[in-house]
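First to last, the sequence lines map onto chains A and B.
Heads up, our numbering is the position in the first sequence plus 1, with the first residue counted as 1.
Heads up, our numbering is the position in the second sequence plus 274, with the first residue counted as 1.
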Amino acid sequence: MELLNSILVKPFADMIAAPDFLLQVLWEGTVSGVLYALIALGFVLIFKSSRIFNFAQGIMVVFAALTLVGLHQNGVPALLAVPLTLVVMYVLAYGIERVVLRPLVNQPDIILFMATIGITLFLIGFGELIFGGENKRMITEELMIPTGSFEFEPFGGFVLMEQKDIVAVGGAILLVVALLIFLNKSKMGRAIRALGDDHQAALSVGISLSTIWVLVWFIAGVIALVTGIAWGARAGVSFALEVIAYKALPVLMLGGLESVSGAIIGGLAIGILEKLFEIYWGQPLLGGNTETWFAYVLALTVLLFRPQGLFGEKIIERV
Amino acid sequence: MFYRTAGQFKTDYQSDFALFPVRQDAWLLAFILLLAFVVFPMTADEFTFRALLIPVLIYSLAALGLNILTGFAGQLSLGTGAFMGVGAYACYKLVTIFPEINLIVAIALSGFFSATVGMAFGLPSLRIKGFYLAIATLAAQFFLVWLFQKWAWLYNYSTSGAIQVPNIDMFGITIAGPNAKAITQYYVVLCVVAVVTYLAINITRGRIGRIWKSIRDMDIAAELVGINLMKAKLLAFFVSSYIVGVAGALFVFLWRGAAEANLFDIPLSFRVLFIAIIGGLGSIMGNFLGAILIVALPVLLNTVPHLFGLSISSSAVEHLNVMIIGALIITFLILEPHGLARYWQVIREKLIIWPFPH
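What follows is the structure in structure tokens.
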């Protein structure tokens with residue numbers, strides 16, 4: 002009875018008793034959810050257009066952020082470092098397509114998946130070799146991102162919203178909108194979607210596979226840079242950031258591997274729910290640190306009812 | 275010429291079903307066993323045992339377990355490290371609760387714990403497939419490692435949160451713990467690995483193995499010809515996790531000597547997966563070849579700069595190692611996606627017709 006009470010009643014009583022704290026938790030969850038959604042978006046784009054499960058997306062986030070900070074440390078002005086980092090991400094995308102993906106066309110999925118793990122290891126070693134393994138500060142002020150904070154006092158309480166988080170959420174929304182417009186309205190975007198629908202048909206109407214792959218990996222790199230700046234501003238830049246890649250995987254399960262909207266909604270849902278669970282159930286009952294696995298268990302439960310995720314394409318199998 | 279099978283007649287089914295229908299295979303195996311049982315122990319020193327021979331065997335065993343699941347039954351799993359952890363912690367609890375238990379028995383029993391846990395996490399495989407399943411097994415990975423940290427009973431409430439292997443005797447010889455000699459540990463590991471490998475070969479080439487392969491190739495078709503998918507998939511998870519659990523127990527008790535929960539985190543899972551894939555999915559021998567490669571590479575890479583008289587700081591060497599291993603994985607996948615085992619097949623074909631190529 003005691004246990005049931007602490008599982009079913011007490012958390013909700015706590016929520017109602019301190020609505021300002023609940024709002025704070027919800028806001029924190031939203032911010033991390035937006036960032037999970039961004040990483041998941043990078044995954045989805047690459048999976049849609051090439052059926053490659055890109056494990057390296059998380060490390061691309063770190064790599065992009067490290068390149069930006071590293072360039073700035075070597076005397077490049079911050080606003081020039083951003084376009085330079087984009088150039089580096091383009092070179093990376095081109096290199097990956099040329100060296101890794103092209104020779105592996107038509108191999109089984111698991112081989113390509115392993116290759117992206119190989120890329121992950123390579124980038125970790127390469128990045129640490131060049132930029133060093135220690136934790137670095139993100140160049141937030143230099144990029145003209147405000148660092149102050151707003152305070153609200155709803156319900157007689159106190160809620161703190163950091164301006165850089167608001168900028169991160171705003172930037173993410175802008176990026177997603179731009180991406181959706183690009184995918185749906187531009188010629189290149191249509192080519193990407195065509196490739197996602199049917200490789201053979203897309204090739205036969207003259208869409209160049211390698212151009213699109215480089216483009217898609219580059220877009221994933223741009224997303225990685227935005228995520229890297231936003232996350233780096235919160236937690237500093239180091240390879241410890243790669244754990245957020247593991248956070249994006251359950252988002253994919255929840256939303257479906259092929260669905261852009263699934264990635265966004267799944268990311269927000271997981272970000273908010275895992276924070277709520279950690280604060281109200283995890284810390285009092287399970288000794289905390291439940292954020293490492295909660296998202297997976299949640300996604301697993303959903304998958305048991307919808308094997309293709311909430312928004313994934315229905316799996317039709319024929320013998 | 276070397277692999278000519280002409281003249282080796284089979285007059286009954288019994289001999290056709292034999293483990294080695296080709297005589298040269300049996301000789302080759304005998305040679306390898308001779309190396310493993312006699313030549314290596316006589317020539318190796320303490321460092322070679324600890325840095326090469328024992329880890330190669332243990333990683334091969336873990337990869338073998340994973341390969342049964344991924345290579346034979348076609349269910350991609352990323353939770354191997356956690357299942358190894360279950361085996362290790364189960365063995366630790368068994369040994370500390372029943373101190374008079376024989377270590378081999380404890381290791382064999384601890385496999386059943388990880389097998390049960392593995393089967394429970396294999397349940398989603400009945401509904402979900404492919405990458406969705408791979409991510410689902412990551413749930414096991416993160417949840418179990420979290421449990422190893424938080425459930426103090428598992429490590430007997432020690433303040434460090436780590437498990438420490440006590441000295442364990444068997445027939446008057448110390449085989450585990452700080453006092454054990456590397457050579458005895460090597461022999462114990464070798465015997466366990468040999469027995470499990472023998473069993474695994476026979477499981478995978480028999481009825482059960484064929485059922486698994488048919489599921490791997492197309493599970494709907496397998497179901498239509500009357501295979502019970504649920505039973506077969508769960509059995510694959512059971513057998514695979516059993517072997518992985520045994521490997522985990524050996525990993526801690528006969529090699530590392532102590533373990534924290536972090537040891538079983540995701541890099542371990544990936545290392546085992548690399549071994550299975552670089553060795554060759556769906557091959558038993560591939561696991562051993564892959565393990566030799568993955569274990570020996572860092573050791574080799576550490577010695578290379580010294581050979582050329584270069585002085586690189588040790589952290590740079592470490593980063594270079596990670597980078598080179600990543601590059602090598604990609605290279606191997608490009609050169610031979612079917613793994614090292616495939617190379618052996620090619621060599622065998624060549625040896626049959628050598629020296630006349632047509």
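Each residue gets a CB set at the ideal place from its N, CA and C atoms; glycine is no exception.
| Check | Outcome |
| --- | --- |
| Just list the residues that DSSP pairs T448 of chain B with in beta bridges. | B:D443 |
| Could you check how far apart the C-beta atoms of T439 of chain B and G359 of chain B are, in whole angstroms? I think they sit under 8 Å. | Reading off the sequence shown, one finds Val at residue 439 of chain B, where the question assumed Thr. 15 Å between Cβ atoms; not a contact. |
| Rounded C-beta distance between S515 of chain B and S388 of chain B? I'm assuming under 8 Å. | 5 Å |
| Relative to chain B, which residues along the segment 112-133 of chain A have a C-beta separation below 8 Å, given in chain order? | I112, F114, M115, A116, I118, G119, I120, T121, L122, F123, L124, I125, G126, F127, E129 and L130 |
| With a cut-off of 8 Å on the beta carbons, I'd call K173 of chain A and L269 of chain A a contact; round off their distance for me. | According to the sequence as given, residue 173 of chain A is Ala; it is not Lys. So it is not a contact: roughly 10 Å between Cβ atoms. |
| What separation, rounded to the nearest whole angstrom, lies between the Cα atoms of A410 of chain B and F240 of chain A? | 24 Å |
| Please name the residue, chosen from B:L602, B:F417, B:L563 and B:L309, that lies closest to Y617 of chain B on a Cα-to-Cα basis. | B:L563 |
| Would you kindly work out how many angstroms separate the C-alpha atoms of N430 of chain B and A380 of chain B, rounded to a whole number? | 17 Å |
| Since H593 of chain B and L130 of chain A should fall inside the 8 Å C-beta cutoff, what is the C-beta to C-beta distance between them, to a whole number of angstroms? | 4 Å |
| So with CB distances below 8 Å, who are the chain A contacts of V369 of chain B? | Chain A residues near V369 of chain B: none, gap ~26 Å exceeds 8 Å. |
| Specify the secondary structure class of Q699 of chain B as computed by DSSP and reduced to three states. | In the structure as shown, chain B begins at 275 and stops at 632. Residue 699 of chain B is therefore absent and cannot be evaluated. |
| Of all the options B:A394, B:E534, B:V573 and B:V330, which has the alpha carbon lying nearest to the alpha carbon of W425 of chain B? | B:E534 |
| Taking Cβ to Cβ, would you say A356 of chain B is nearer than 7 Å to F538 of chain B? | yes |
| Whose CA, out of B:A336, B:F323 and B:D299, lies closest to the CA of V518 of chain B? | B:A336 |
| To the nearest angstrom, how far is it from the Cα of P329 of chain B to the Cα of V26 of chain A? | 46 Å |
| Relative to the C-alpha of W218 of chain A, which candidate in A:G272, A:I120, A:N107 and A:A79 has its C-alpha closest? | A:I120 |
| Is there contact here, the segment 291-301 of chain A with the segment 70-87 of chain A, by at least three beta-carbon pairs under 8 Å? | no |
| Out of curiosity, what's the CA-to-CA distance linking G396 of chain B and W420 of chain B? | 19 Å |
| Quick one: any contact between the segment 364-379 of chain B and the segment 486-501 of chain B, if contact means 3 or more CB pairs under 8 Å? | no |
| Checking contacts by CB at 7 Å: is W301 of chain B closer than that to chain A? | no |
| Since F422 of chain B contacts Y363 of chain B with CB under 8 Å, what's their CB separation in whole angstroms? | 6 Å |
| Using beta-carbon positions only, say whether G43 of chain A and I182 of chain A come within less than 7 Å of one another. | no |
| I'd like the list of long-range same chain contacts for V330 of chain A, defined as Cβ closer than 7 Å, with 5 residues on each side in sequence excluded. | As displayed, chain A neither begins before 2 nor continues past 320, which places residue 330 of chain A out of reach and without an answer. |
| Quick one: is W301 of chain B buried, meaning 16 or more other Cβ sit within 10 Å of its Cβ, or exposed? | exposed |
| Contact between the segment 273-283 of chain A and the segment 19-38 of chain A: three or more CB pairs below 8 Å? | yes |
| So Y460 of chain B packs on L571 of chain B, CB below 8 Å; how close in whole Å? | Not quite, the Cβ-Cβ distance comes to about 21 Å (not below 8 Å), so this is no contact. |
| Nearest-angstrom Cα distance between P315 of chain B and I442 of chain B? | 21 Å |
| If you drop the 5 nearest sequence neighbours on each side, which residues of the same chain put their C-beta closer than 8 Å to that of A408 of chain B? | L350, S351 and L352 |
| Looking only at its chain, what residues have a beta carbon closer than 6 Å to the beta carbon of V62 of chain A, apart from the 5 residues adjacent to it on each side? | A225, T228 and G229 |
| I want to know whether the segment 302-309 of chain A touches the segment 281-293 of chain A - three or more CB-CB distances under 8 Å. | no |
| When the cut-off is 7 Å and only beta carbons count, does Y297 of chain A lie next to chain B? | yes |
| What number of angstroms, rounded off, separates the C-alpha of D198 of chain A from the C-alpha of F48 of chain A? | 11 Å |
| Between which two residues does the alpha helix (DSSP H) carrying K276 of chain A extend? | V261 to F278 |
| Would you mind sorting G281 of chain B into buried or exposed? The rule is 16 or more other CB atoms within 10 Å of its CB. | exposed |
| Which residue from B:L368, B:I485, B:Y333 and B:H612 puts its Cα closest to that of L498 of chain B? | B:I485 |
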